[in-house]
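See structure below.
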Amino acid sequence: MSSNPDEAESTLLYQPGSSSSSSTSHRADCHQGFSIQYQPKIFEDIIGHDMVIRALSSAIRLNKISPMYLFYGSPGTGKTSAARIFATALNCESSPAKLCSGYKSSWFEEIHKFLRKATSSGVKVVIIDIKFASESWPWGQLLNLVQENNNKIFILLTEDARTVPRAVSSRCQKYKFSKLSDTDVMSKLSRIVAQEGIEIRKDALKLIARRAEGNLREAENLLDHLALLNMKIDTSTIEQLVSNYFSIF
1 MSSNPDEAES
11 TLLYQPGSSS
21 SSSTSHRADC
31 HQGFSIQYQP
41 KIFEDIIGHD
51 MVIRALSSAI
61 RLNKISPMYL
71 FYGSPGTGKT
81 SAARIFATAL
91 NCESSPAKLC
101 SGYKSSWFEE
111 IHKFLRKATS
121 SGVKVVIIDI
131 KFASESWPWG
141 QLLNLVQENN
151 NKIFILLTED
161 ARTVPRAVSS
171 RCQKYKFSKL
181 SDTDVMSKLS
191 RIVAQEGIEI
201 RKDALKLIAR
211 RAEGNLREAE
221 NLLDHLALLN
231 MKIDTSTIEQ
241 LVSNYFSIF
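Quick note on UniProt numbering: the sequence shown kicks off at 1 and runs consecutively.
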């Protein structure tokens with residue numbers, strides 16, 4: 001990702017229920033969980049989506065970039081990471097705008113503010129995380145926004161592509177992020193364990209991967225939880241912790 005010190009300040013975050021948008025950055029004194037610490041930084045870091053990554057890489061290499069993209073699939077499968085890496089690879093001067101789930105009347109005003117602040121040089125990317133979208137969502141406003149900013153690239157993120165009207169989805173290059181296999185999740189967890197020097201049984205990692213059901217972020221969060229115990233955990237303890245952890249989802 002960009003090493004620009006102003007990167008955090010150029011990332012727009014809109015939070016539902018908040019009166020305003022704000023720039024975001026991680027506090028230096030806060031513990032960063034494994035899902036943040038080991039978040040993919042380059043395409044090669046993304047696991048389980050070889051065909052998607054190959055297509056996006058080819059689009060950049062061949063300079064065949066569409067004005068709109070739709071990344072869809074289950075949570076924790078790499079949609080947001082892929083979008084951010086794709087945006088960075090397009091040689092943006094600043095971080096892409098990331099707008100969180102939800103909608104308010106000021107929602108598109110915040111996007112307009114970001115676009116007005118953007119410099120005229122370089123590619124600019126707007127990433128919009130559309131959660132819980134419905135027919136009442138302001139799709140017409142979104143299309144108008146895209147048409148008014150034809151020098152910008154828009155990436156829409158959603159869990160269910162069926163919530164996006166055909167009038168919008170037909171304008172997008174669509175990429176599905178399927179649930180990750182247990183093998184893929186195990187591979188990432190094993191790398192984290194080796195890097196962090198965590199003492200954990202292989203069958204415990206398999207249990208975490210299986211219970212995560214293809215959601216790498218949840219698997220990484222649970223591994224982080226276990227690592228904080230700072231002890232070698234036996235199988236029965238792991239089964240109890242895993243059962244308690246995933247029972248809330």
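Glycine included, C-beta positions come from ideal geometry on N, C-alpha and C.
Look at Leu70 here: in three-state DSSP terms it is strand.
Distance between Met68 and Ile153, taken at the CA atoms: about 6 Å. The continuous beta strand (DSSP E) containing Val125 extends over residues Lys124 to Asp129. Judged by their CB atoms, Ala161 and Lys179 are not nearer to each other than the 8 Å cut-off.
In the three-state reduction of the DSSP assignment, Thr77 falls in the coil class, being assigned neither a helical nor a strand state. In the three-state reduction of the DSSP assignment, Gln37 falls in the helix class, which pools H, G and I. Each residue's CA atom was taken as its position, placing Cys172 and Leu157 some 11 Å apart. Using a Cβ distance threshold of 8 Å, Arg211 and Pro75 do not count as a contacting pair. Shown here, Leu90 sits in coil according to DSSP, grouped into three states, outside any helix or strand.
By the neighbour-count criterion, in which a residue is buried when 16 or more other Cβ atoms sit within 10 angstroms of its Cβ, Ala209 is buried. In terms of Cβ geometry, Ala167 and Trp139 form a close pair [threshold 8 Å].
Under the three-pair Cβ rule at 8 Å, the segment 218-227 counts as touching the segment 31-46.
In the three-state reduction of the DSSP assignment, Gln32 falls in the coil class, being assigned neither a helical nor a strand state. Annotated three-state conformation of Lys179 is coil, per DSSP. Straight-line measurement puts the Cα of Lys206 at about 37 Å from the Cα of Arg61. For Lys202, the three-state secondary structure derived from DSSP is helix. DSSP, reduced to helix, strand and coil, places Leu156 within a strand of the structure shown. The beta-carbon separation of Gly73 and Glu159, rounded to 7 Å, stays under the 8 Å limit for a contact. Taking each of Leu90, Glu199, Val193 and Leu241 in turn and checking the Cα distance to Lys64, the smallest one comes out for Leu90. By alpha-carbon distance to Arg84, the top candidate from Ala55, Val125, Asn151 and Thr77 is Val125.
Here the alpha carbon of Gly78 sits roughly 7 Å from the alpha carbon of Phe177.
The continuous alpha helix (DSSP H) containing Asn144 extends over residues Trp139 to Glu148. With fewer than 16 other Cβ atoms from the protein chains shown falling within 10 Å of its own Cβ, Lys202 counts as exposed. Annotation: Ser81 to Val52 spans about 13 Å, alpha carbon to alpha carbon.
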